[in-house]
Amino acid sequence: MRHNKLIAFTLWGFITLLLLTGCDPSHDLRLENRTNEQIEVIYAPHTNDIEELPNRKISRINVNGRATYRLVLKSSEMIKIGFVSARYIPKPSDVHLDYLELRLTNDTLMFSGKNAIFSAIQEVENLDWRLIIRKEFP
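For the sequence shown, our numbering begins at 46 and goes up steadily by one.
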């Protein structure tokens with residue numbers, strides 16, 4: 046009888062732990078290209094999250110004496126630039142990059158520091174946060 050109670054208690058504890066950890070919301074912070082052209086993305090430091098695009102060449106370059114990495118983001122593509130775990134609302138420390146430069150045909154956007162990058166991130170829908178690059182002019 047005592048053995049059955051011990052098994053039941055252990056099983057109850059395991060299920061409770063599983064439910065508590067399994068319900069934590071986790072989601073990505075993403076950079077999305079909503080233009081009709083490709084964007085040159087320069088970033089630092091290197092993160093393995095960005096290598097999620099198939100057959101994508103990432104090259105190392107120097108920008109103003111700083112070691113950075115470069116890739117081309119095609120129209121309608123997204124890459125992960127951060128991760129939020131166990132919270133509904135992200136914060137600047139969830140951004141994995143310290144430097145982000147986006148080169149379009151006629152414009153360049155530069156973000157230096159996690160706070161600057163984070164300031165451009167918006168919530169698209171529940172638990173979906175993105176830095177969206179778009180061109181909206183006639």
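Note that beta-carbon positions come from the ideal geometry of N, C-alpha and C, so glycine has one too.
Proximity winner among the options, relative to residue i (alpha-carbon distances)
i      : options                          : result
Glu122 : Glu168, Ser164, Glu82 and Glu170 : Glu82
Gly127 : Arg79, Leu116 and Asn93          : Asn93
Glu181 : Leu56, Lys159, Asn109 and Arg79  : Arg79
Gly158 : Ile178, Asp152, Gln167 and Ala89 : Ala89
Val108 : Glu77, Tyr144, Lys136 and Lys102 : Tyr144
His72  : Ile162, Pro135 and Gln167        : Pro135
Arg179 : Asn151, Ala161 and Asn160        : Asn151
Pro137 : Thr113, Gln167 and Arg111        : Gln167
Residue i - DSSP class collapsed to helix/strand/coil
i      : result
Ala161 : helix
Asn171 : coil
Ile166 : coil
Leu76  : strand
Asn81  : coil
Leu98  : coil
Ile215 : Past the edges of the chain, shown from 46 to 183, lies residue 215, and the structure says nothing about it.
Between the CA atoms of residue j and residue i - distance to the nearest angstrom
i      : j      : result
Val117 : Ile84  : 6 Å
Leu149 : Val140 : 22 Å
Ile106 : Arg115 : 7 Å
Lys119 : Asn49  : 59 Å
Tyr133 : Glu146 : 27 Å
Leu176 : Ser164 : 9 Å
Pro183 : Leu74  : Bear in mind that a pLDDT of 46 at Pro183, under 50, signals an unreliable position, so the model cannot answer this.
Leu154 : Ile87  : 10 Å
Lys125 : Leu56  : 37 Å
Asn160 : Ser104 : 25 Å
Leu142 : His91  : 8 Å
Lys102 : Leu76  : 17 Å
Phe156 : Leu98  : 22 Å
Taking one C-beta from the segment 128 to 143 and one from the segment 165 to 178 each time, how about it: are there three or more such pairs within less than 8 Å? A contact exists between the segment 128 to 143 and the segment 165 to 178.
Please specify which runs of the beta strand (DSSP E), each continuous and at least 3 residues long, are wholly inside the segment 109 to 162, giving them in chain order. Taken in chain order, the complete beta strand (DSSP E) segments of 3 residues or longer contained in the segment 109 to 162 are 111 to 118, 123 to 130, 144 to 148 and 153 to 157.
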